[in-house]
């Protein structure tokens, strides 16, 4: 933009320079450095010369084929994400439909939204202590409730059962994040053209028809964003499993981020193996993100673009024949 001979665009570059510099130093450089040391023999707390391995992919092969703990961590991570995300997105969509339904005209929406979002702002350490106390053995609120209702005669050690431990961790993740997902979806609905809902109401569409025929298709981009961010958050899940159960029992809640942390900062300080695991996780995230982008692409827009391209070719061919 120019005004009175002054080029104002340079000020935009000046204001973005601090972010670019911070990104290069604190994000891009660590990523590239991590990618490089994944092909080396870098390990140990005391610095020593680093060498590229004769087989550059040795660390990656060892993790994928000779390390059961890493494979188990990948399985746990995927399972914990799926189990918490499915009810999370379902409940968030139901709450979104409830809050944005003008026919219901719900009062006190702001208060409800704050209460539902509140678990997301509680620190992970606090939540870990809370649920550790709830499921404590032999004396804890859940055990006391079960015994008072006559469901069990003796205390249950919930946190020593693999399935129960995974279920609790998945529930905590669901409980923490469904409010955040709901807020994003509500914001997306608020951005839809109100004329679409008015037209649907005039045509006699009920609430479910409006939601599935207008709201959901219009939220395609927002849903894609939610899926991508939730998937990346699920793949990098660390704080709750680490603080709550430290990966137990028997590595049933060991996530890939916990495995990477353990390799890098415990025992032999195997930075090369941790870096290789990080890059494998990065590749998995990139592949899944690409797959989600492909599956949730706007097929109608793609067909229209293809038809327009075909029409241009036909018109061009017809013009050439006339010439």
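Residue numbers (the working numbering): 859 to 1181. Think of the CB as a built atom: it goes at the ideal place given N, C-alpha and C, for glycine as much as any other residue. Computed from a predicted model, the values in this text were never measured in an experiment.
- Classify residue 910 as helix, strand or coil using the three-state DSSP reduction. For residue 910, the three-state secondary structure derived from DSSP is strand.
- Could you pull the start and end residues of the alpha helix (DSSP H) that residue 885 belongs to? First-last for residue 885: undefined, no H or E at that position.
- Query: Can you tell me whether DSSP reads residue 958 as helix, strand or coil?
  - Reply: coil
- In the DSSP assignment, what are the bridge partners of residue 898? 910
- Query: So, helix, strand or coil for residue 860, using DSSP?
  - Reply: Interpretation of residue 860 is limited by its pLDDT of 49, a score under 50 that renders its predicted location unreliable; the figure taken from the coordinates is listed afterwards. DSSP places residue 860 in strand when its eight states are reduced to three.
- Query: For residue 977, which residues of its own chain have a beta-carbon under 7 Å away from its beta-carbon, when the five flanking residues on both sides are left out?
  - Reply: 1033, 1034 and 1037
- Along the alpha helix (DSSP H) that carries residue 1089, what are the first and last residues, could you check? The continuous alpha helix (DSSP H) containing residue 1089 extends over residues 1078-1093.
- Task: Consult DSSP for residue 934 and reduce its assignment to one of helix, strand or coil.
- Result: helix
- Query: Going by alpha carbons, who is nearest to residue 1011 out of 1078, 1002, 979 and 988?
  - Reply: 1002
- Using the C-alpha atoms, what's the distance from residue 868 back to residue 859? The predicted model places residue 859 with a pLDDT of 48, which falls under 50 and marks its position as unreliable, so this point remains unresolved.
- Could you check how far apart the C-beta atoms of residue 898 and residue 911 are, in whole angstroms? I think they sit under 8 Å. That belief holds up - the Cβ atoms of residue 898 and residue 911 are roughly 6 Å apart, short of 8 Å.
- Can you tell me whether residue 1099 is buried or exposed, with buried defined as 16 or more other CB within 10 angstroms of its CB? buried
- Using 10 angstroms around the beta-carbon of residue 1006, count the other beta-carbons present and answer buried if the total reaches 16, otherwise exposed. Taking a 10 Å sphere around the C-beta of residue 1006, we find fewer than 16 other C-beta atoms and assign the residue as exposed.
- How is residue 1110 classed by DSSP in three states: helix, strand or coil? coil
- Do the CB positions of residue 1139 and residue 1093 come within less than 8 Å of each other? yes
- Going along the chain, which residues of its own chain have a beta-carbon closer than 6 Å to the beta-carbon of residue 1000, five neighbours each way excluded? 992 and 993
- Message: With three or more C-beta pairs closer than 8 Å as the rule, is the segment 922-942 touching the segment 1039-1053?
- Response: no
- Beta-carbon proximity check, residue 1107 vs residue 1017, cutoff 8 Å: yes
- residue 1013 - DSSP class collapsed to helix/strand/coil: Coil.
- Which residue's Cα is closest to the Cα of residue 1048: 888, 960, 1071 and 1067? The option with the nearest alpha carbon to residue 1048 is 960.
- Query: Which of the three DSSP states, helix, strand or coil, is assigned to residue 981?
  - Reply: coil
- Beta-carbon proximity check, residue 902 vs residue 1136, cutoff 8 Å: no
- Name the residue from 900, 915 and 1124 whose alpha carbon lies nearest to the alpha carbon of residue 909. 900
- Query: Excluding five sequence neighbours on each side, which residues of the same chain lie with their C-beta closer than 6 Å to the C-beta of residue 942?
  - Reply: 1028, 1031 and 1032
- Rounded C-alpha distance that separates residue 1068 from residue 933: 38 Å
- Task: If I'm right that residue 1151 touches residue 1082 with Cβ under 8 Å, what's the distance once you round it to whole angstroms?
- Result: 7 Å
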